[in-house]
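Report on the structure given below.
In the working numbering, the protein residues as written are 197 to 347.
Have a look at this one:
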């Protein structure tokens, strides 16, 4: 049986190649998650429950800024009712931590809209928990805390 001798250089090149591949995979995961987050924001603006159904985990829960816990069905019903109605729903300052097939995203959501005939503008600090499935990333849980109004 013939033994393959890699030597130190071969081992180093192999480790470098693995590291480059891992970084490329992480970069792709980050892009994918940000793309789905942006799609969800547009879905809230457009009241597009089909997009929400596709990207929210079946067991999705939201802890809103008042501490109320709601499930996927309640969130879909609220969006379908257009109450509140969102004119602007945008995420910013997102930071992503990857953990294999799970990811945690923190950031700020800026929202403008109307609720019960009254206009509102608000910013929320959010934490989103994502899970990777064979068909893509799905939002499993979200928590939002209202930020004080800017002076």
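Backbone N, C-alpha and C fix where the C-beta goes; we use that ideal spot for every residue, glycine too. Quick caveat: nothing in here was measured; it's all calculated off a predicted structure.
Beta carbon of residue i nearer than 8 Å to that of residue j
{"i": "residue 326", "j": "residue 301", "result": "yes"}
{"i": "residue 338", "j": "residue 261", "result": "no"}
{"i": "residue 236", "j": "residue 248", "result": "yes"}
{"i": "residue 292", "j": "residue 298", "result": "no"}
{"i": "residue 324", "j": "residue 306", "result": "no"}
C-alpha gap between residue i and residue j, whole angstroms
{"i": "residue 275", "j": "residue 223", "result": "31 Å"}
{"i": "residue 333", "j": "residue 243", "result": "21 Å"}
{"i": "residue 290", "j": "residue 229", "result": "10 Å"}
{"i": "residue 288", "j": "residue 221", "result": "23 Å"}
{"i": "residue 343", "j": "residue 331", "result": "34 Å"}
{"i": "residue 226", "j": "residue 294", "result": "8 Å"}
{"i": "residue 308", "j": "residue 336", "result": "24 Å"}
{"i": "residue 160", "j": "residue 346", "result": "Residue 160 is absent from the structure shown; the chain starts at 197 and stops at 347."}
{"i": "residue 310", "j": "residue 317", "result": "9 Å"}
DSSP beta-bridge partners of residue i
{"i": "residue 334", "result": "327"}
{"i": "residue 285", "result": "307"}
{"i": "residue 295", "result": "298"}
{"i": "residue 339", "result": "259, 323"}
{"i": "residue 314", "result": "311"}
>> Using a Cβ distance threshold of 8 Å, determine whether the region 281 to 296 contacts the region 254 to 269, with at least three qualifying pairs required.
In response: no
> What beta strand (DSSP E) runs, 3 residues minimum, are completely inside the region 227 to 281?
Replying inline: Every beta strand (DSSP E) of 3 residues or more that sits fully in the region 227 to 281 is shown, in chain order, as 252 to 259, 265 to 267.
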